[in-house]
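Some notes on the structure that comes next.
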Ligand SMILES: [Zn+2]
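In our numbering, the protein residues as written are 61 to 291.
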């Protein structure tokens, strides 16, 4: 019954899992380090985001506080920035870096940056794919009915992998915009910028790991399907 968890070619997914673990450790340790290093300018994450948004003519965009750890995000439907309490009130290199990154997404939106719009358009279908995958996963787990749904699983992971692929330029570009604005507006100095880079690069690695994991999972299903068609 649990056969599909230890399915054929299960080992294909291992590098993705290891990379994911490494990325998690890296982002946690890098953030933990730079959250204790204050910027000389002394602005909080909320103030830094405000400066960047104002400089881009986005004075009306709210910067709000949200609960949880590293829950920071830009909401394109609400056209609002949400920063976790730690980054909202904190004036560390980590707080200012993350806040500037989220402001970077707002700048993308204002600039009608194409990958951001492609990603936004893919959100509903990706959400549907994730729910469908949960359903198939459950059927496989409870009834051992996974192999009948192999084609659907391949379609689902194709959607998820494409979403994660389009996420990469969006995330890297937001960090690039963040670093430019932080330096230009004097919110961090040249040497502090290296710390911002480390925090944002570590965060970006988690998106790379997610993509690698999905692609390998997809490859696993394709290999199984090929094996079946040969039987
Ligand atoms: Zn981002």
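We put the beta carbon where it would ideally sit given N, CA and C, even for glycine.
For residue 290, count the other beta carbons within 10 Å of its own beta carbon; 16 or more makes it buried, fewer makes it exposed. Which is it?
The residue is exposed, with fewer than 16 neighbouring Cβ atoms inside 10 Å.
If we ignore side chains and look at the alpha-carbon of each, how far apart do residue 287 and residue 226 end up?
Cα to Cα, the separation comes out at about 30 Å.
Residue 190 - DSSP class collapsed to helix/strand/coil
It is helical.
Considering only C-alpha positions, which residue in the set 136, 223, 127 and 260 is nearest to residue 146?
It is 127.
Is the segment 188–197 touching the segment 261–269 in the sense that three or more CB pairs, one from each, lie closer than 8 Å?
Judged by Cβ distances under 8 Å, the segment 261–269 makes no contact with the segment 188–197, as fewer than three pairs qualify.
Do residue 154 and residue 292 come within 7 Å of each other at the CB atom, strictly closer than that value?
As shown, the chain starts at 61 and ends at 291. That puts residue 292 outside it, with no answer to give.
Given a cut-off of 7 Å, decide if residue 252 and residue 90 are closer than it, judged by their beta-carbon atoms.
At the C-beta level, residue 90 and residue 252 stay beyond 7 Å of one another.
By DSSP, does residue 74 sit in helix, in strand, or in coil?
In the structure shown, residue 74 sits in a helix (DSSP, three-state: H, G or I).
Ignoring anything shorter than 4 residues or poking outside the segment 184–271, list the alpha helix (DSSP H) runs there in chain order.
For the segment 184–271, the continuous alpha helix (DSSP H) assignments of 4+ residues that do not extend past its boundaries occur at 210–244, in sequence order.
Report back the beta-carbon spacing between residue 281 and residue 210 to the nearest angstrom; my notes put them in contact at under 8 Å.
So it is a contact: roughly 6 Å between Cβ atoms.
Please tell me whether residue 292 and residue 161 are closer than 7 Å, where the distance is taken between their beta carbons.
Within the shown structure, residues of the chain are numbered from 61 to 291, placing residue 292 beyond reach of any answer.
Would you call the CB atoms of residue 217 and residue 276 closer than 7 Å?
Going by C-beta atoms, residue 217 is not nearer than 7 Å to residue 276.
Provide the residue(s) that pair with residue 133 in DSSP beta bridges, ordered along the chain.
Partner(s): 142.
With a 10 Å radius around its C-beta and 16 neighbouring C-beta atoms as the bar for buried, classify residue 185 as buried or exposed.
With fewer than 16 Cβ atoms within 10 Å of its Cβ, residue 185 is classed as exposed.
Looking only at DSSP bridge pairs, what is residue 125 linked to?
According to DSSP, which records beta bridges pairwise, residue 125 is partnered with 143.
First and last residue of the uninterrupted alpha helix (DSSP H) at residue 110:
Note, residue 110: alpha helix (DSSP H), 105–115.
Residue of 76, 228, 230 and 188 minimising C-alpha distance to residue 212
Ranking the options by Cα distance to residue 212, first place goes to 188.
Report whether the distance from the Cβ of residue 234 to the nearest heavy atom of ligand 1 is below 6 Å.
Because some heavy atom of ligand 1 lies under 6 Å away, the Cβ of residue 234 counts as near it: yes.
Looking only at C-alpha atoms, which of 224, 68 and 219 sits nearest to residue 270?
For the residues 224, 68 and 219, the minimum Cα distance to residue 270 belongs to 224.
Looking at ligand 1, does it come within less than 6 Å of residue 252, judged from the CB to the closest heavy atom?
Not so, every heavy atom of ligand 1 lies at least 6 Å from the Cβ.
Do you know offhand how far residue 295's Cα is from residue 178's?
Residue numbering for the chain in the displayed model covers 61 to 291; residue 295 lies beyond these limits and cannot be assessed.
Looking only at its chain, what residues have a beta carbon closer than 7 Å to the beta carbon of residue 249, apart from the 5 residues adjacent to it on each side?
If you ignore the 5 residues before and after residue 249, its C-beta comes within less than 7 Å of the C-beta of 100, all in its own chain and listed in chain order.
Inter-residue Cα distance where the pair is residue 131 and residue 170:
The alpha-carbon atoms of residue 131 and residue 170 are separated by roughly 22 Å.
Can you check DSSP and say which residues form a bridge with residue 152?
DSSP output for residue 152 lists 98 as bridge partner(s).
Does any heavy atom of ligand 1 sit closer than 6 Å to the C-beta of residue 124?
Using a cutoff of 6 Å, the CB of residue 124 does not count as near ligand 1, since none of the ligand's heavy atoms is closer than that.
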